[in-house]
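**Student:** There's a structure below that I have some questions on.
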Amino acid sequence: MPLPKAELHLHVEGTLEPELAFELAARNGVKLPYADTDELREAYRFQDLQSFLDLYYELMAVLRTERDFEDLANAYLARAAAQGVRHAEIFFDPQAHTSRGVEMATVVEGLWRSLGRGEENHGVSTRLIMCFLRDQPAESAMRTLQDARPHLDRIVGVGLDSAEVGHPPVKFREVYEAAAALGLRRVAHAGEEGPPEYIGQALDVLGVERVDHGLRCVEDPALVERLVRDRVPLTLCPLSNVRLRTVDTLAAHPLPAMLDAGLMCTVNSDDPAYFGGYAGDNFDAVRSTLGLSEERLRELARNSFLASFLEDDEELRQR
Ligand code: ADE
Ligand code: ZN
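Going by UniProt numbering, the letters in the sequence shown line up with residues 1 to 319, in that order.
Okay, structure coming up:
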């Protein structure tokens, strides 16, 4: 029995496995520039975040209808459930779809056809978090927030993702103020490739409750002290960090030192179809390569529920 856990850092578009990509391409008459799934998998050798994002956005061309988004989410929930995920807080990137002429309603309602029945069909409760693409103008994020207003019964919060360096959190101050005024929870990617200052900004300017990645906090002892003191959850993604070369090797990942420092770490999969593993695979990898004790693994699993947006009673039921 895999350890029950919550997944707090998961891009639904990053769960698009090559087989499903080809199936959807055929269904929608989209021509992919790869002969087959083997050739596509060959392209999964990334130099950095941007080289991954280029492929990630390219493959989204196959996602067109509500049914596509429903199938994508169902495939993820089935895999996640098999690896012990009981609760998932799932990111999606509306601008990557609306910019291709796919409407917000198609994306949200399609995902909801699956996620709304996640508990019933897969034993996984879910929340949906809408991310803004930080390499697009803040005005586009603001329009996206307005577009989402009819769907806010399906969306618990907002996040910030895509190319980090050169796009500091402060760029999105007004967007996050507007999101807070709408009662949305707030998270943001910070300190994945970007500097530790972006983590401080995400907390101070955007008012985030969790930091996605936050890996580079280790470069700033005063920031680490603050994150420990305030019990700020970090949603780490070890296999992602290896594939995007933000760490040299998994053996060199700072997770054990971060736990020893008292940081509230969680372990997640980010874009599992691209990075070689779902949530349980990430747990297995840190157990075997980093030698984390059973007690540490249980701490990571407990943190995942504590840092989730589940209500207290739901959280206790899950653990
Ligand atoms: N979008 C999907 N995965 C991402 C990641 N790891 N960092 C930033 N943006 C992303
Ligand atoms: Zn991410």
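C-beta atoms are modelled at their ideal positions from N, C-alpha and C, and glycine is treated no differently. Just so we're clear, the structure is a prediction, and the values are computed from it rather than from any experiment.
(1) Can you tell me whether DSSP reads V247 as helix, strand or coil?
(2) Give the straight-line distance between the Cα atoms of T65 and E225, rounded to the nearest whole angstrom.
(3) Which residues count as close to the ligand GTP when the rule is a CB under 6 angstroms from any of its heavy atoms, in chain order?
(4) Evaluate K171 with the Cβ neighbour count: other Cβ atoms within 10 Å of its Cβ, from every protein chain shown; 16 or more gives buried, anything less gives exposed.
(5) When the Cα of L40 is compared with those of A273, L306, A82, which residue comes out closest?
(6) Identify, in the order they occur along the chain, each residue of the same chain with its Cβ nearer than 8 angstroms to the Cβ of I129, setting aside the five sequence neighbours on each side.
(7) Below 8 angstroms on the Cβ atoms is my contact criterion, and I expect L215 with G200 to pass it. Report the Cβ-Cβ distance as a whole number of Å.
(8) Report the rounded CA-to-CA distance for K31 versus Q146, giving the unit in angstroms.
(9) Apart from the five residues on each side of it in sequence, which residues of its chain come closer than 7 angstroms, Cβ to Cβ, to G207?
(10) Where are the alpha helix (DSSP H) runs, 4 residues long or more, that stay fully inside the stretch 201–235, in chain order?
(11) Please state the DSSP three-state secondary structure of L184.
(12) Classify R231: buried if its beta carbon has 16 or more other beta carbons within 10 angstroms, exposed otherwise.
(13) On the DSSP bridge list, what partners appear for R149?
(14) Under 7 angstroms, do residue 351 and H151 count as touching if we go by C-beta distance?
(15) Suppose contacts are defined by Cβ-Cβ distances below 7 angstroms. Is T98 in contact with L115 by that definition?
(16) List the endpoints of the continuous alpha helix (DSSP H) containing T289.
(17) Whose C-beta lies closer than 8 angstroms to the C-beta of P254 among residues of the same chain, with five residues either side of it excluded?
(18) Label E192 either buried or exposed according to how many other C-beta atoms from any shown protein chain fall within 10 Å of its C-beta, with 16 as the threshold for buried.
(19) Considering M130, what are the terminal residues of the beta strand (DSSP E) in which it resides?
(20) Could you round the C-beta distance between residue 327 and D271 to whole angstroms and report it? I think they count as a contact, below 8 angstroms.
(21) Only counting the same chain, and skipping five residues up and downstream in sequence, which positions put a Cβ closer than 6 angstroms to that of M258?
(22) Measuring alpha carbon to alpha carbon, tell me which residue in D204, A61, D36 is nearest N28.
(23) Could you check where the alpha helix (DSSP H) with T37 kicks off and where it finishes?
(24) Which same chain residues, not among the five before or five after Q318, have their C-beta less than 6 angstroms away from its C-beta?
(25) On the three-pair Cβ rule with 8 angstroms, is the stretch 290–306 touching the stretch 3–10?
(26) Distance cutoff 7 angstroms, beta carbons only. Does G116 sit that close to anything in chain E?
(27) What does the Cβ neighbour count give for Q47, buried or exposed, with the cut at 16 atoms within 10 Å?
(28) Counting only runs that start and end within the stretch 51–97, where is the beta strand (DSSP E) found for 3 or more residues in a row?
(29) Going by beta carbon distance, what residues of the same chain come within less than 7 angstroms of S308, once the five residues before and after it are set aside?
(30) Rounded to the nearest angstrom, what separates N121 and F22 at their Cα positions?
(31) Within 10 Å of its beta-carbon, does R229 have 16 or more other beta-carbons around it, so buried, or fewer, so exposed?
**Tutor:** On the basis of the coordinates in this document:
(1) coil
(2) 46 angstroms
(3) Summarising the ligand content, the structure contains the ligand ADE and the ligand ZN and does not contain the ligand GTP.
(4) buried
(5) A273
(6) E89, I90, F91, F92, I155, V156, G157, V158, G159, R185, V187
(7) Wrong, their Cβ atoms sit about 14 angstroms apart, outside the cutoff.
(8) 33 angstroms
(9) Y176, A180, R186
(10) 221–229
(11) coil
(12) exposed
(13) For R149, which the question treats as bridged, DSSP gives no partner whatsoever.
(14) Look at the range of the chain in this structure, 1 to 319, and you will see that residue 351 is not part of it.
(15) no
(16) 279–290
(17) Closer than 8 angstroms at Cβ, skipping near neighbours: L215, V218, V247.
(18) buried
(19) 125–133
(20) Residue numbering for the chain in the displayed model covers 1 to 319; residue 327 lies beyond these limits and cannot be assessed.
(21) C265
(22) It is A61.
(23) 37–42
(24) Cβ neighbours of Q318 beyond the five flanking positions: R86, H87, F305.
(25) yes
(26) Considering every chain present, this structure includes no chain E. It has just one protein chain.
(27) Q47 is exposed by the Cβ-count criterion.
(28) 85–92
(29) Result list for S308: A6, L8, H87, E89, E315, in chain order.
(30) 25 angstroms
(31) exposed
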